[in-house]
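Below you'll find the structure, written out as structure tokens, and then a few comments.
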Amino acid sequence: MLFDTHTHLDAAQFDEDREETIARALAQGVTRMINVGFNRETIPTTIALAEKYEFIYAAVGWHPQDAITMKDGDLEWIAKLCAHPKVVAIGEIGLDYYWDTSPKDVQQDVFRQQIRLARSLQMPIVIHNRDAHEDVIRILREEKAHEVGGVMHSFSGSWETAKMCLDLGFHLSFGGPITFKNAKQPKEVLQQVPMDRLLLETDSPYLTPHPFRGKRNESGHVRLVAEMAAELKGVSLEEIADITTKNALDRFGIK
């Protein structure tokens, strides 16, 4: 049993073969997935997917790249959706200093608002962090995010950053990059992460693992991520699958 904790199956890249993509994931032993809606367009399509498929859950939030588009009422909309039985987290939220699409101060304000919402609703959060490690950690601390915890999605930081995230009660999620031949740091970090705080993901259609790098990613490829994680941890594929699935069920409160 594998759990893809972060995917975007509602993306346009799957419009021609979404059903087949989901069937391939099931055939690879992926029994659960969390689809992530991150703006005005993808939140409704994420909810629709979760309602259609029993094994797909939803996370909803406002992505830092889209922070500048957040309007009055959007936070209330997210809050209402959090009452949906298939919504298991607020995300992906955070900071992205790589793409210059939203000013840093706007990103930080939207990030803080959503952490506060999560605390008020006692919902875990899914963090997007690109080239913003210091500010992400600082804001998580200042906003007392440890009260809800969550997931550091597609973790790419150092072991020092990882330790700070673990201290804040977060799980670390790894995807395709751990299979890249030149990905020394992610592999070293994964080896040190406690087994009970480890999650797997694809972030499909992005971050495709080796040997399919350069092609569209899909949830079934989480098996390749699991195989590499098992190799790095020195355990069997079955053990890594069982442990990371249990971790995900616990983290997201899925029965």
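Those letters in the sequence shown? Residues 83 to 337, by this note's numbering. We put the beta carbon where it would ideally sit given N, CA and C, even for glycine.
Suppose contacts are defined by Cβ-Cβ distances below 8 Å. Is VAL118 in contact with LEU84 by that definition?
The answer is no: Cβ separation not under 8 Å.
In whole angstroms, what is the alpha-carbon distance linking ILE125 and SER286?
Cα to Cα, the separation comes out at about 16 Å.
State the beta-bridge partners of TYR139 as determined by DSSP.
Answer by DSSP bridge pairing, in chain order: ILE116.
Taking the continuous beta strand (DSSP E) assigned at LEU252, which residues delimit it?
In the sequence as displayed, the identity of residue 252 is Phe instead of Leu. That run of the beta strand (DSSP E) goes 252-256.
Is the CB-CB distance between ALA214 and ALA171 below 8 Å?
Their beta carbons are not under 8 Å apart, which means ALA214 does not touch ALA171 by this criterion.
In three-state terms, what does DSSP make of LEU177?
If DSSP states are grouped into helix, strand and coil, LEU177 belongs with the strands.
Below 8 Å on the Cβ atoms is my guess for PRO283 versus HIS228; work out the distance and round it to an integer in Å.
In the sequence as displayed, the identity of residue 283 is Glu instead of Pro. Not really, about 22 Å apart at Cβ, beyond 8 Å.
What's the gap between the Cα of LEU163 and the Cα of THR151?
If you take the alpha carbons of LEU163 and THR151, they lie about 19 Å apart.
Taking the alpha carbon of PHE237 as the point to measure from, which residue in GLY143, PRO268, LEU203 and GLY251 has its own alpha carbon closest?
Comparing Cα positions, the closest option is PRO268.
Provide the residue(s) that pair with SER286 in DSSP beta bridges, ordered along the chain.
According to DSSP, SER286 bridges with THR89.
Which residue wins for smallest C-alpha separation from ILE104, given the options GLY302, ILE322 and LEU314?
Of GLY302, ILE322 and LEU314, the residue nearest in Cα terms is GLY302.
Can you give me the C-alpha to C-alpha distance between GLU224 and LYS168, rounded to a whole angstrom?
When rounded, the distance between both Cα atoms is 29 Å.
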